[in-house]
Amino acid sequence: MINFDIDKLQHTHSNNFFLMAGPCAIESEEMAMRIADKVKTITDKLEIPYIFKGSYRKANRSKGSSFTGIGDEKALKILEKVGQTFGIPTVTDIHESAEASMAAAYVDVLQIPAFLCRQTDLLIAAAQTGKVVNVKKGQFLSAGSMKFAVEKIIEAGNNRVVLTDRGNTFGYQDLIVDYRGLPEMQSFGVPVVMDCTHSLQQPNQSSGVTGGKPELIGTIAKAAIAVGADGLFIETHPDPANAKSDGANMLHLDRLEELLEKLIKIRKAVI
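Residues in the sequence shown are numbered from 90 upward in steps of one, following my numbering.
Quick look at the structure:
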């Protein structure tokens, strides 16, 4: 694991934005290593700090038959291997308090899913591991409400907090991004990330499989950089159509470098 300082991820005029990217779920070691290798090569070239993302288990699924994972320990060991092989920090979701210490043994950042961002026991358990805690803003919450999540973690003795916006509920089957929330959450003194893929989800579909609008990933990302996001969260896969989880809103891996090059230009123009 990598002992990294999130202060280096904070928005400054001299540093680039950072990137959390990888598959929605750990499908196999080969796939995780392939994605990490490609993204690491790109981010090294573009001088973008990189954190590999992969969920060791997907607990929030529309249907009971949906893919949830390849096994907790197996997936966590793959995340650990990715970090060790490429010398990069890794991030994964946790869903219950008991998972915090287990996942913390393998990864550098513990991520709190949006639907669980108000779960006090979960936030405290994550904080007490000493790991960086990335809390996704609930679709049902205002940006201002996230100050309480930050306070809970800090009061538990951990000031290594990141907040991630992933859009707001808009009707029953859509999301919309309110970019005013990014500077508002930055006012809490923590790095703020824009989730460019989950913010394009179309949940609650009659098929039981969440839809999405991946063609707008670039639009979300460019707007986020323009308003000063510290980092971006992008799920990416070499074959989204056949990904085992959330393929409907992932960026094709082959399109990542071109997008990041455009985003660097935007950042240079606005800082």
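Even for Gly, the Cβ is constructed at its ideal location relative to N, Cα and C.
Under the three-state reduction of DSSP, which class applies to Ser276: helix, strand or coil? coil
With distance defined between alpha-carbon atoms, name the residue in Gly111, Phe106, Met274, Lys302 nearest to Ala343. Correcting the residue identity first, residue 343 is Asp in this sequence and not Ala. Residue Gly111 is the option with its Cα nearest to Asp343.
Mind checking whether Gln275 and Gly256 have CB atoms under 8 Å apart? no
Contacts around Ala125, its chain only, beta-carbon distance under 6 Å, and the 5 residues preceding and following it disregarded: Phe141, Val171, Phe175
What number of angstroms, rounded off, separates the C-alpha of Ala54 from the C-alpha of Val316? Outside the shown range of the chain (90 to 360) lies residue 54, about which nothing can therefore be said.
Less than 8 Å separating the beta-carbons of Asp197 and Val180? yes
Can you tell me where the alpha helix (DSSP H) holding Gln173 begins and where it ends? 161-175
CA-to-CA distance, Asn247 to Ser295, given in whole angstroms: Residue confidence for Ser295 is low, a pLDDT of 45 falling below 50, so the modelled location carries little weight and cannot support an answer.
Return the Cβ separation of Tyr268 and Ala312 in integer angstroms, given the expectation that the two are a contact with Cβ distance under 8 Å. 6 Å
If I follow the unbroken alpha helix (DSSP H) through Asp319, where does it start and stop? No alpha helix (DSSP H) holds Asp319; DSSP gives it neither H nor E.
Three-state secondary structure assigned by DSSP to Asp263: coil
Would you list the one or two residues that DSSP bridges to Ile201? Val224
Among residues of its own chain, excluding the 5 on either side of Glu346, which ones have a beta-carbon nearer than 6 Å to its beta-carbon? Ile131
In whole angstroms, what separates the C-alpha of Leu199 from that of Val359? 31 Å
Rounded distance between the beta-carbons of Gly160 and Lys147, thought under 8 Å: About 13 Å separates the two Cβ atoms, so there is no contact after all.
Return the residue from the list Glu273, Ile201, Glu169 that minimises the CA-CA distance to His184. Ile201
Please report how far the alpha carbon of Ile177 lies from the alpha carbon of Asp133, in whole angstroms. 11 Å
DSSP beta-bridge partners of Asn257: Ile265
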